[in-house]
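Under the UniProt record's numbering, the residue at position 188 of the sequence shown is numbered 188, and the numbers go up by one with no gaps. Virtual Cβ for every residue (Gly too), placed ideally from N, Cα, C. Please read the structure below before turning to the comments.
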Amino acid sequence: MTFRAVGILKSVALIAAEDTRNTQKLLNHFEIKTKQISFHEHNSTERIPQLIAKLQQGEDIAQVSDAGMPSISDPGQDLVAEAVRLGLTVVPLPGANAALTALIASGITPQPFYFYGFLNRKKSEQKQEIQELVQRPETLIFYEAPHRLKETLKALLNGFGDRQVALCRELTKRHEEFIRGSLSEVLDWATSSEIRGEFVIVLAGNDHPEETEMATIDLSISVPEHVQQLIDEGARTNDAIKQVAKLRNLKRQDVYNEFHGI
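This is the structure:
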């Protein structure tokens with residue numbers, strides 16, 4: 001906490017907190033008497049219009065996440081977007097950020113980096129996400145909950161190979177810990193250890209990404225023709241759609257719709 005943050009929390013009319021019970025501990029510690037209202041992913045649709053209305057009436061509101069920076073993997077991003085759309089003032093209060101804190105102590109090249117956050121929970125979609133990331137040369141940063149850590153590490157090992165990685169646990173807290181090594185080594189640790197706390201996974205990028213042969217792509221043909229060309233060469237329809245989307249830097253759903261005439 002910064003002196004500025006404490007001062008802001010004391011001066012605003014209302015604090016929108018992801019977990020009011022946890023935030024109350026913080027408020028008690030700094031003798032802050034400001035009233036709270038719950039604001040989290042399960043009630044954000046209802047809360048955002050209410051909070052915006054208060055802001056438009058001239059009230060100042062502070063948004064506090066339960067852990068980490070508000071708006072990062074947090075419904076605060078939707079509140080900020082709506083406030084910006086309506087021309088309301090948004091003031092960021094910098095504080096500890098798990099991704100950057102993990103990155104600078106990971107021992108892995110800190111720049112360039114690519115922050116991804118949480119992978120999809122569905123295995124099929126998670127596998128696809130990993131396939132789309134495997135060629136990236138940047139250091140990759142993921143977030144993960146303790147109960148999913150082992151399965152995610154297995155998926156990363158299967159998809160990326162045995163790259164160097166740093167598991168960063170409970171950053172800036174009493175039980176802060178770094179587990180560094182190859183993916184197979186940290187998976188062994190996760191399998192044999194009791195896993196507690198929230199994790200940041202810092203993964204080395206691809207040292208030798210395959211070059212995409214953009215020069216060989218005939219952009220004069222239409223998207224459906226391009227997809228059909230790959231199908232004629234032996235690709236499955238979905239794989240052809242995915243490849244065309246990647247090569248042309250288009251959304252896969254848009255390519256799918258255009259190919260099927262939707």
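- Query: Residues bridged to residue 55 by DSSP?
  - Reply: In the sequence shown, residue 55 corresponds to position 55, counting from 1. DSSP links residue 55 through a beta bridge to no other residue.
- Counting only runs of 3+ residues fully inside the segment 20-87, write out the beta strand (DSSP E) ranges in chain order. Counting whole runs of 3 or more residues, the segment 20-87 contains the beta strand (DSSP E) stretches 36-38 and 61-64.
- Item | Cutoff 7 Å; reference residue 206; Cβ partners in own chain excluding five residues on either side | Counting from 1 along the sequence shown, the entry for residue 206 is found at position 206. Once the five neighbours on either side are set aside, the close Cβ partners of residue 206 are 134, 135, 136 and 137.
- Query: Nearest to residue 145 by CA position, among 252, 12, 170 and 108, is which residue?
  - Reply: By 1-based counting over the sequence shown, the position of residue 145 is 145. Nearest in C-alpha terms to residue 145, of all of 252, 12, 170 and 108, is 170.
- Three-state secondary structure (DSSP) at residue 8? Within the sequence shown, residue 8 is the residue found at index 8, counting from 1. If DSSP states are grouped into helix, strand and coil, residue 8 belongs with the helices.
- Compute the distance between the beta-carbons of residue 64 and residue 17, then report whether it is under 8 Å. Your numbering for residue 64 matches position 64 in the sequence shown. Your numbering for residue 17 matches position 17 in the sequence shown. Annotated as proximal: residue 64 and residue 17, with beta-carbon spacing under 8 Å.
- Item | Beta-carbon spacing of residue 203, residue 139 below 8 Å | In the sequence shown, the residue the question calls residue 203 occupies position 203. In the sequence shown, the residue the question calls residue 139 occupies position 139. Yes. Within cutoff.
- Item | Contacting residues, own chain, Cβ-Cβ under 8 Å from residue 90 (five flanking each side not counted) | Locating residue 90 in the sequence shown gives position 90, where the first residue counts as 1. These residues qualify, in order along the chain: 80, 83 and 84.
- For residue 38, which residues from the same chain have a beta carbon less than 6 Å from its beta carbon, with the 5 sequence-adjacent residues on both sides left out? Start at 1 with the first residue of the sequence shown, and residue 38 comes out as number 38. Excluding residues within five positions, the ones whose Cβ falls inside 6 Å are 20.
- Message: I believe residue 62 touches residue 104 by the beta-carbon criterion, under 8 Å. Please report the beta-carbon distance rounded to the nearest angstrom.
- Response: Position 62 of the sequence shown holds residue 62. Position 104 of the sequence shown holds residue 104. Not quite, the Cβ-Cβ distance comes to about 27 Å (not below 8 Å), so this is no contact.
- Task: List the residues that DSSP assigns as beta-bridge partners of residue 182.
- Result: Start at 1 with the first residue of the sequence shown, and residue 182 comes out as number 182. Note: residue 182 sits in a beta bridge opposite 164.
- Please report the residue range of the alpha helix (DSSP H) in which residue 170 lies. Position 170 of the sequence shown, counting from 1, holds the residue named residue 170. No alpha helix (DSSP H) contains residue 170, which DSSP labels as neither H nor E.
- So what does DSSP say about residue 177, is it helix, strand or coil? Against the sequence shown, residue 177 aligns to sequence position 177. DSSP, read as helix, strand or coil, puts residue 177 in strand.
- Query: Relative to the C-alpha of residue 70, which residue among 51, 98 and 88 is closest?
  - Reply: Counting from 1 along the sequence shown, the entry for residue 70 is found at position 70. Ranking 51, 98 and 88 by Cα distance to residue 70 puts 98 first.
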